[in-house]
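Undergrad: Here it is, the structure, as structure tokens.
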Amino acid sequence: MTSDTVVVVADRALVDGVARGPTAVLAAGGAIVRVGDPDAVLADPAAAAARRVDWLHRAMIPGTVNAHNHSFQSLLRGIGDDLPFLVWRERALYRASPRLDADGMATAALFAFGEMLLHGVTTVCDFYYLNAQGNAHASATIEAARALGMRIVLARCFYDWDGAPAVYRETVDQAVANFQDLHRRYHDTERFLVGVHAAPHSQHGASPDMIRAGAACAADAGVPWHIHLAEEKWQVEQSLARTALRPVPAVASLGVDLGNAIVVHGCWFDEAERALLAERGGALAYCPGSNMFLGDGITDVVDLRARGVPVALGTDGGCSNNRVSVLDEMRTCALLQKVARTDGQAITAEACYAMGTALGGEVLRLPVGRIAPGYRCDLVALDLDDPSLWPEQPLEKNVVYALSSRAITDVMVDGELVVADRRLTRVTLAEIQQRVRTVIASLWDAP
Ligand SMILES: [Zn+2]
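Position 25, counted from 1, in the sequence shown is what our numbering calls 25; the numbers after and before it change by one each time, with no gaps.
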């Protein structure tokens with residue numbers, strides 16, 4: 001066996017919703033091959049030459065999956081807070097985004113993804129719309145994830161609304177050619193470390209032709225497509241004014257495959273829209289923290305789950321949340337659904353935990369989010385000596401409702417430790433901080 005084989009032993013573990021005592025995971029080539037009692041796993045001949053990682057006094061959980069993010073927005077954190085959306089978009093977003101070059105995008109991604117890793121996120125989906133008619137920015141973002149050792153899905157945007165700065169916009173032909181080029185160059189079906197999906201921005205950011213092109217590119221490439229829908233109430237009104245249809249039927253009327261779609265937000269879906277999404281087999285990326293931060297509204301996740309729609313969790317961008325933790329989104333999801341229904345039993349910790357782990361993998365169609373043979377070895381170690389995990393009650397409840405990010409000590413992606421003893425192993429935080437300072441100075445000092 002090569003050093004590509006690793007065995008991780010922890011005092012406790014959450015394995016497919018079951019809290020276990022001492023547990024070992026054996027992985028080869030980044031994939032889990034065996035899970036079980038340490039004695040049995042360590043007796044496996046394949047474990048003899050494996051690297052050994054001991055997580056004493058720690059619990060092992062699967063790495064969390066961030067199904068929706070915009071990494072560049074981490075640089076804008078704090079700038080437009082508490083402003084009306086359209087004011088914030090003009091003053092912060094549209095002013096800053098044309099000034100970022102590929103190096104600035106790389107800095108933003110190192111910052112966003114580095115902070116996410118420290119919060120136990122091992123897979124991020126970056127919905128990427130500052131493409132400047134090319135792939136240099138998206139490539140820099142992917143390379144930043146690679147440098148940190150993080151798993152990334154780059155959902156490459158298709159955008160042609162002419163009200164946005166030029167850096168957002170492409171023609172349909174440009175978007176198609178650039179998507180195909182990026183997909184060919186990066187999409188990894190061996191270790192699944194980089195995925196490239198298509199992402200027509202929204203009904204307001206992408207014309208019907210652009211939405212069709214994005215969905216068609218995704219179908220050709222065998223990947224899902226993402227679209228923001230019904231985030232704020234005005235988007236429903238705009239859809240009705242333009243098409244006489246609400247967002248989900250309006251998009252379905254374009255002849256695209258909704259069953260291959262990952263719809264983002266859906267705060268204002270009515271019952272018929274939720275039923276249509278379920279009937280067609282679409283999925284949802286849900287961002288409760290961002291929806292609350294912006295005052296968007298409340299997606300009926302309880303109803304969507306009851307209808308069988310797979311729901312994953314996203315943090316959304318760093319300037320509309322402003323946190324980067326999926327563990328935090330699990331808690332926020334539970335609290336928001338409970339208050340929306342004024343029912344403390346509206347949803348359980350276990351259901352929200354699944355959305356941030358196993359369902360995240362299912363929605364992004366990656367073998368991640370579970371500690372099970374055949375899945376990638378993405379693991380997070382939680383310090384059982386941290387008071388936020390006391391007393392030793394059902395682990396899932398404490399992880400969702402009580403856990404402090406302080407308890408996250410180690411993070412493994414594809415069998416490699418990328419956070420050890422609360423530090424990034426590949427890039428130092430000091431380097432990222434210096435880069436962020438330099439970029440921020442250039443962003444706001446320019447005329
Ligand atoms: Zn978004």
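Glycine included, every Cβ here is placed at the ideal spot set by N, Cα and C.
These figures come from a predicted structure and were not determined experimentally.
Going by DSSP in three states, aspartate 173 sits in which element: helix, strand or coil?
TA: As a first step, residue 173 is located in the sequence shown; it is residue number 173 there, counting from the start. Looking at aspartate 173 - three-state DSSP - the assignment turns out to be helix.
Undergrad: Near phenylalanine 111, what residues of its chain come up, given a Cβ to Cβ distance below 6 Å and the 5 sequence neighbours on each side ignored?
TA: As a working note, residue 111 is residue 111 in the sequence shown. If we look at phenylalanine 111 and ignore the five residues flanking it on each side, its Cβ neighbours are Ser74, Ile432 and Val436.
Undergrad: Which ranges would you report for the beta strand (DSSP E) in the stretch 174-255 if only whole runs of at least 3 residues count?
TA: Counting only runs of 3 or more, we get 194-200 and 225-229.
Undergrad: Curious, which full-length beta strand (DSSP E) runs of at least 3 residues does the stretch 27-51 contain?
TA: Complete beta strand (DSSP E) runs here, min 3: 31-36.
Undergrad: Closest to leucine 195 by C-alpha separation, out of Arg151, Glu232 and Ala219, would be which residue?
TA: For the purposes of this step, residue 195 is taken as the residue at position 195 of the sequence shown. Checking the sequence, you will find glycine at residue 195 rather than leucine. Ranking Arg151, Glu232 and Ala219 by Cα distance to glycine 195 puts Arg151 first.
Undergrad: Just to confirm, does phenylalanine 127 get its C-beta within under 6 Å of one of the non-hydrogen atoms of ligand 1?
TA: Here residue 127 is taken as the residue at index 127 of the sequence shown, counted from 1. Under cutoff, so the answer is yes.
Undergrad: According to DSSP, simplified to helix, strand and coil, what is methionine 1?
TA: Within the sequence shown, residue 1 is the residue found at index 1, counting from 1. The predicted position of methionine 1 is uncertain, since its pLDDT is 37 and thus under 50; a value taken from the coordinates is nonetheless stated next. Looking at methionine 1 - three-state DSSP - the assignment turns out to be coil, as it is neither helix nor strand.
Undergrad: Count the other CB atoms within 10 Å of the CB of glutamate 273; is the residue buried (16 or more) or exposed (fewer)?
TA: Taking the sequence shown and counting its residues from 1, one reaches residue 273 at position 273. So glutamate 273 ends up on the buried side.
Undergrad: How is the beta strand (DSSP E) around methionine 412 delimited, first residue to last?
TA: Against the sequence shown, residue 412 aligns to sequence position 412. Per DSSP, methionine 412 belongs to the beta strand (DSSP E) from 408-413.
Undergrad: Spatial neighbours of asparagine 321 within its chain, please: C-beta separation below 7 Å, excluding the five flanking residues on both sides.
TA: As a working note, residue 321 is residue 321 in the sequence shown. Counting only Cβ-Cβ distances below 7 Å, and skipping sequence neighbours, we find Gly289, Ser290, Phe293 and Thr315.
Undergrad: Ignore the nearest five residues each way along the sequence and tell me which others in arginine 323's own chain have a CB closer than 7 Å to its CB.
TA: As a first step, residue 323 must be located in the sequence shown, where it is residue number 323. Correct list, in chain order: Gly289 and Thr315.
Undergrad: Give the DSSP bridge partners of leucine 424, in chain order.
TA: Locating residue 424 in the sequence shown gives position 424, where the first residue counts as 1. DSSP output for leucine 424 lists Val419 as bridge partner(s).
Undergrad: Isoleucine 227: which of Ala19, Glu237 and Tyr286 sits nearest, CA to CA?
TA: Translated into positions along the sequence shown, residue 227 becomes position 227. The residue with the shortest Cα to Cα distance from isoleucine 227 is Tyr286.
Undergrad: Taking Cβ to Cβ, would you say glycine 30 is nearer than 7 Å to glycine 415?
TA: For the purposes of this step, residue 30 is taken as residue 30 along the sequence shown, with counting starting at 1. For the purposes of this step, residue 415 is taken as residue 415 along the sequence shown, with counting starting at 1. In contact: glycine 30 and glycine 415 (Cβ atoms closer than 7 Å).
Undergrad: Going by DSSP, name the residue or residues bridged to cysteine 157.
TA: The residue you call residue 157 lines up with position 157 of the sequence shown. Looking at the DSSP assignment, cysteine 157 forms a beta bridge with Ala199.
Undergrad: Determine whether the beta carbon atoms of alanine 221 and leucine 182 lie at a separation below 7 Å.
TA: Taking the sequence shown and counting its residues from 1, one reaches residue 221 at position 221. Taking the sequence shown and counting its residues from 1, one reaches residue 182 at position 182. No. Outside cutoff.
Undergrad: Around the Cβ of glutamate 362, are there at least 16 other Cβ atoms within 10 angstroms (buried) or fewer (exposed)?
TA: Locating residue 362 in the sequence shown gives position 362, where the first residue counts as 1. That one is buried.
Undergrad: What are the boundary residues of the beta strand (DSSP E) that cysteine 452 is part of?
TA: As displayed, the chain neither begins before 1 nor continues past 447, which places residue 452 out of reach and without an answer.
Undergrad: Can you tell me the Cβ-Cβ gap for leucine 443 and arginine 99, rounded? I've got them flagged as a contact below 8 Å.
TA: Locating residue 443 in the sequence shown gives position 443, counting from the first residue. Locating residue 99 in the sequence shown gives position 99, counting from the first residue. With 8 Å as the limit, leucine 443 and arginine 99 qualify as a contact, their Cβ atoms being about 5 Å apart.
Undergrad: With a CB to CB cut of under 7 Å and the five nearest residues on each side skipped, what residues in its chain are close to alanine 47?
TA: Taking the sequence shown and counting its residues from 1, one reaches residue 47 at position 47. Excluding positions up to five away in sequence, the list reads Val7, Leu26 and Val41.
Undergrad: Does the count of Cβ pairs from the stretch 87-96 and the stretch 127-136 closer than 8 Å reach three?
TA: No, the stretch 87-96 is not in contact with the stretch 127-136.
Undergrad: Please state the DSSP three-state secondary structure of aspartate 54.
TA: Working through the sequence shown from its first residue, we reach residue 54 at position 54. If DSSP states are grouped into helix, strand and coil, aspartate 54 belongs with the strands.
Undergrad: Quick check: the Cα distance between leucine 229 and histidine 204, rounded to an integer number of angstroms?
TA: Looking up residue 229 in the sequence shown gives position 229. Looking up residue 204 in the sequence shown gives position 204. About 9 Å.
Undergrad: Could you tell me which of Ala283, Gly374, Asp162 and Gly63 sits nearest to valine 264, measuring between CA atoms?
TA: As a first step, residue 264 must be located in the sequence shown, where it is residue number 264. Ranking Ala283, Gly374, Asp162 and Gly63 by Cα distance to valine 264 puts Ala283 first.
Undergrad: Between which two residues does the alpha helix (DSSP H) harbouring histidine 137 extend?
TA: The residue labelled residue 137 in the question sits at position 137 within the sequence shown. Unbroken alpha helix (DSSP H) run through histidine 137: 136-148.
Undergrad: Roughly how many whole angstroms lie between the Cα atoms of proline 461 and alanine 50?
TA: The requested residue 461 does not occur in the structure, where the chain is confined to residues 1 to 447.
Undergrad: Check this for me: beta carbons of alanine 96 and serine 71, under 7 Å apart or not?
TA: Here residue 96 refers to the residue found at position 96 of the sequence shown. Here residue 71 refers to the residue found at position 71 of the sequence shown. No, the Cβ-Cβ distance between alanine 96 and serine 71 is not below 7 Å.
Undergrad: Please look up how many angstroms separate the CB atoms of isoleucine 408 and leucine 118, rounded, as I've assumed it's under 8 Å.
TA: What you label residue 408 is simply residue 408 of the sequence shown in a count that begins at 1. What you label residue 118 is simply residue 118 of the sequence shown in a count that begins at 1. That pair is a contact at about 7 Å.
Undergrad: Suppose contacts are defined by Cβ-Cβ distances below 7 Å. Is threonine 122 in contact with valine 413 by that definition?
TA: Looking up residue 122 in the sequence shown gives position 122. Looking up residue 413 in the sequence shown gives position 413. Contact flag set, yes.
Undergrad: Could you check which residue in Ala441, Arg169, Gly360 and Leu395 has the C-alpha nearest to that of valine 124?
TA: For the purposes of this step, residue 124 is taken as residue 124 along the sequence shown, with counting starting at 1. Measuring from the Cα of valine 124, the nearest candidate turns out to be Gly360.
Undergrad: Identify every run of the beta strand (DSSP E) within the stretch 60-102, keeping only runs that are complete inside it and at least 3 residues long; order them along the chain.
TA: As far as the stretch 60-102 is concerned, its whole beta strand (DSSP E) runs of at least 3 residues are 64-69.
Undergrad: CA-CA distance, aspartate 303 and isoleucine 440?
TA: Translated into the one-based positions of the sequence shown, residue 303 becomes position 303. Translated into the one-based positions of the sequence shown, residue 440 becomes position 440. So the two alpha carbons sit approximately 42 Å from each other.
Undergrad: Over the uninterrupted alpha helix (DSSP H) stretch that includes aspartate 328, give me the two end residues.
TA: Counting from one through the sequence shown, the residue named residue 328 turns up at place 328. From DSSP, the alpha helix (DSSP H) with aspartate 328 extends over 326-340.
Undergrad: Less than 7 Å between the beta carbons of aspartate 209 and valine 172, yes or no?
TA: Start at 1 with the first residue of the sequence shown, and residue 209 comes out as number 209. Start at 1 with the first residue of the sequence shown, and residue 172 comes out as number 172. Yes, these two residues count as a Cβ contact at 7 Å.
Undergrad: Whole angstroms is fine: what's the gap from alanine 218's alpha carbon to proline 224's?
TA: Within the sequence shown, the letter at position 218 stands for residue 218. Within the sequence shown, the letter at position 224 stands for residue 224. Their backbone Cα atoms lie some 6 Å apart in a straight line.
Undergrad: If you reduce the DSSP assignment to three classes, tell me which class tyrosine 375 lands in.
TA: As a working note, residue 375 is residue 375 in the sequence shown. Coil.
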